[in-house]
Each structure stands twice: as structure tokens, then as C-alpha cells.
Amino acid sequence: GGSYRHTLRTTNIIIIIIIIIIIIIIIIIIIIIIIIIIIIIIIIIIIIIIIIIIIIIIIIIIIIIIIIIIIIIIIIIIIIIIIIIIISSSSSSSSSSSSSSSSSSSSSSSSSSSSSSSGGSPIAGPSMLSDGSSGSNRTLRSGSRPPASAQRRPRPVATVMSRQKRRASPSSAPSRNLRSRVQPAPRNTDDSYVIPPTATEVLPPTSLTTLSEFPNEFLILLASLIKMFSHKNDWPWAVSLLTSKGQHFCGGSLITNKHILTAAHCAHRFRNVPALLIGLGGHLLESHRRVFVSNVIIHDDYQHGYRFDADIAILKLEKEIEFDLKASPICLPKSNQKHGVGTAVRVKGWGRLNETLDVLPNHIQEVSLHIISANMCSRVYGRMFTENMLCVGASVPDKDACQGDSGGPLVIEDEQTKTWIQVGVVSFWNGMRQSWFSWSIHYAG
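Per the UniProt record's numbering, the sequence shown starts with residue 1, numbered consecutively.
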């Protein structure tokens, strides 16, 4: 019985040891599993952190790229604005010079001998008023150039001015015989100039299209005079004369709801045309209304191809133009209005922006000029400069009327009423330009 008991005890001890070993193994396995799970969790957390860091880096890169793009766009916009400002300033200055250069090219077909003695060439054609002086009847071809002595002087832009017996009413139609209404102004020997009631400035037609190329019908676009960065309806009295193909060749101004004032050399080819077309609008490329021109009235004293005096004409419209923001008449000056030397004036037109480039602007341009003394202009032009003309120019080089500005208005702003008054019509220049003064001749009739 004692050996049996001993065997039973030994068996129990072995069983207990086995159970303990099993428990220890299970605990070790559980610990290993927990460690593995912890490691997996740590790895997952690390991966998530890495992904978040990558996303943050990508977002930062995108933000940097966007900032760089915005900076580039801003730089491009600034460069474009600077270029536009430069083009705008140069285009407005060369608009008036282009009308004067067109006058010299259009009038370079007159007799060379007379042109050399006179020292000037037309910008837009002959003037409308006769000067009444004894030596001014000489023949002068439109293509003639001034003598070498005159070419060394500044290029005057003469403006022809005359005195009317009575002021034209905006609603009344002009007489066929302008001589009965317009008389030459007395010679002014001092440095002031008397501007007659209907002073008008004359500029030559553009050389891009000669008058002989114009069809029997041409378009006239009545447009608001526009300069860069200005409102399109600032100059609702400005007129652009166009060919039937829509090409600008001369300017003009709306003086009543049925009459357009322009240069005689611009309208010379059309005085017997029964009807012309006119379009209204603020931009040469915009759609426009059309009405017919029933009559072309050219001053009786105008001598095409021989003289620059009396270079003025009126186009009578068949139907009245309805005035609105885009179309309204320009005011005309009162009798005996005096404007001294240095008075600020402006020339409006669609003439060439540069003498060397055959490019016409789509928007109307303007240039600020000032009145030059009659004595100084007479020394440059000689007897070709008459009492009916007015000289204007700029103290800044390359600012003047140019080809295509002929017939356009020369205007002055009334200081009291703040309204624009037309005192001249662009007519011609002498084709010369110097570093300090550039001049052109304007007809004031």
C-alpha cells in the first residue's frame, strides 16, 4: 500500500509540472501576439504619419506653384500695361503728325518752282478761303517740296482762318456760295491771332489711298473721338471719311444735324456726286448707321492743285442725324475771338500714328498743340501763308497732325463753359520736322 501511494504522488507532481509548462507557453504566446500587434499598430501609425507628411508636402508645393503663377501673371499684366501706355502716348502724339505728312504727300503734284518758293506741301488738299494778297496767286503743285532753306526750318502746320459776316446757325443749311459768307481776316502783324466765327483746321488725306482711287460713293463714319484710356463718346462731333471699302482717308466734324465740315481737297472729287454714304459710330470697326449726302459744297475760292487757301468744304446730308451720346455738333467760335500765341489747342483724327508706318488706328486719336505766331510762320512759308491761316505746333518732337488727319477739327476748350469750340480745319504742312517744334497749317474759315 505504501508503494502505490508513492507512485500516485509522483504522477500528480508530473501532471502539475506539465500544466504549469503549458500555462507558461500560453502566456509566452499571448505576449508574443501582443508584441506583434503593437508592432503592427506602430507600423500603421508610422505609415499614416508618412502619408500625412507627403500630403502636406504636396499641398505646400501646389501653393508655391500657384503663388509663382500669380506672380508671373501680375508681371505680365504690368508689362502689358506699360506697353499700352507707351503705345498710347506715342500714338496720340503721332496722330497729328500723320495728318501733316499726308498733306505733303497728297499735294506733291503741283509745279516744283512755285512749291520751292512757298516752302510747304498740302496735308489734305487746298484751302477754302483766298488770302487776298497780291503774290498769293502763284500756282503750286500738290506734290511740290519747299526750298532747301525752308526745309531747314521747323515744319509749320498753317491754319487758314477767315471772318464770317454772320455766325452760321446749326439748323440752317450753308449757302452754295461760301464767298458771300466768309471774308478773309485782316493781316495780323503782332503775335496774337483773331479767330473768325467758323475757324476750321485742315489736314491732308492719308497716302494709303489716293483721291483718284476713291469710288463715286464713299463711306463717312461719324465717330466719337477716342484716345487711349478715354471714354469712346468724348468727341461725338468727330467724323471719319471712308472709302466704300471702309478705309479712312480724311476727317471732318459735325456742325449741324445735316452738315459736315471738312477740307476742300478731301471733298474735291465728290462735288458732283448726287449722294454719299455716312456711318455713325465711335469706332472704325463698329457697326454704324448710314445716311446719304445730298450735296458737296466747296468754297468758290478754292483752286485745286494750285493754292492752299480756301481749303474748306461742307457736306450736306440728305436726312437729319438724330443727336445722341455718339453724335452731336461741335460749337463754332464767336466773331473777333482772340487767341494769343501759345494758346493750347487740340487736333483730333484717325491719321497715321507714325510717318514711317502705313498703319491707321481704329480709335480716334488726339494731340495737344499750341498756336505759333503768324510772323514766325510767314518766315517759314513765305507768301503761301495767308491771313486766313493759323499755325500750330508742338514743343515736343513727333507730336503733330499726320497723314489721314486732313479735314479734321482743330479745337479749343472754352475755359468758362468747358465746351469744345472748333477753330480750324487741318489742311497741310511743309513736310519737315525738327527736334523742338513740329508745325502744321490749319484753315480757319
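Yeah, the Cβ is synthetic: ideal placement off N, Cα and C, and Gly gets one too.
Here the region 310-318 makes no contact with the region 331-351; the two share fewer than three CB pairs at distances below 8 Å.
Judged by DSSP secondary structure, residue 379 falls within the alpha helix (DSSP H) whose first and last residues are 374-381. Following the DSSP letters along the chain, one finds residue 248 inside the beta strand (DSSP E) bounded by residues 248-254.
With a beta-carbon spacing of about 7 Å, residue 250 and residue 263 fall inside the 8 Å limit used to define contacts. Close CB contacts of residue 75 within its chain, under the 6 Å cut and outside five residues either way in sequence, are absent. Rounded to the nearest whole angstrom, the CA to CA distance from residue 70 to residue 57 is 20 Å. In the three-state scheme derived from DSSP, where H, G and I count as helix and E and B as strand, residue 6 is classed as helix. Residue state for residue 419 is assigned as coil, using DSSP reduced to three classes. Boundaries cannot be given for residue 268, as no beta strand (DSSP E) includes it and DSSP labels it neither H nor E. Under the DSSP assignment, residue 347 falls in the beta strand (DSSP E) whose first and last residues are 344-349. The three-state reading of DSSP puts residue 427 in strand, counting E and B together. Of the candidates 337, 391, 383 and 390, 337 places its Cα closest to the Cα of residue 413.
If you draw a straight line from the Cα of residue 309 to the Cα of residue 89, it is about 32 Å long. Look at residue 240 here: in three-state DSSP terms it is strand. Inclusion of residue 409 and residue 325 in the CB contact set at 8 Å is not warranted, their separation being larger than that value. In the three-state scheme derived from DSSP, where H, G and I count as helix and E and B as strand, residue 80 is classed as helix. Residue pairing by DSSP places residue 370 opposite 344 and 393 in a beta bridge. Under the DSSP definition of a beta bridge, residue 315 partners with 260 and 296. The criterion of a C-beta distance shorter than 8 Å is satisfied by residue 422 and residue 330. Contact annotation: residue 406 and residue 426 have beta-carbon atoms nearer than 8 Å.
By the neighbour-count criterion, in which a residue is buried when 16 or more other Cβ atoms sit within 10 angstroms of its Cβ, residue 12 is exposed. By the neighbour-count criterion, in which a residue is buried when 16 or more other Cβ atoms sit within 10 angstroms of its Cβ, residue 258 is buried. Ranked by Cα distance from residue 333, the first of 255, 45 and 322 is 255. Cα atoms of residue 23 and residue 42: separation of roughly 28 Å, rounded to the nearest angstrom. Taken through DSSP and simplified to helix, strand or coil, residue 27 comes out as helix.
Residue state for residue 33 is assigned as helix, using DSSP reduced to three classes. Of 313, 303, 26 and 73, the smallest CA-CA separation from residue 296 is found for 313. When C-alpha distances from residue 388 are compared across 52, 54 and 311, the shortest belongs to 311. Residue range 409-413 is occupied by the beta strand (DSSP E) that includes residue 413. Pairing residue 349 with residue 323, the inter-Cα distance amounts to about 20 Å.
The beta carbons of residue 242 and residue 252 sit no closer together than 8 Å. Cα atoms of residue 64 and residue 52: separation of roughly 18 Å, rounded to the nearest angstrom. Residue nearest to residue 302 within the set 266, 48, 30 and 82 is 266 (criterion: CA-CA distance).
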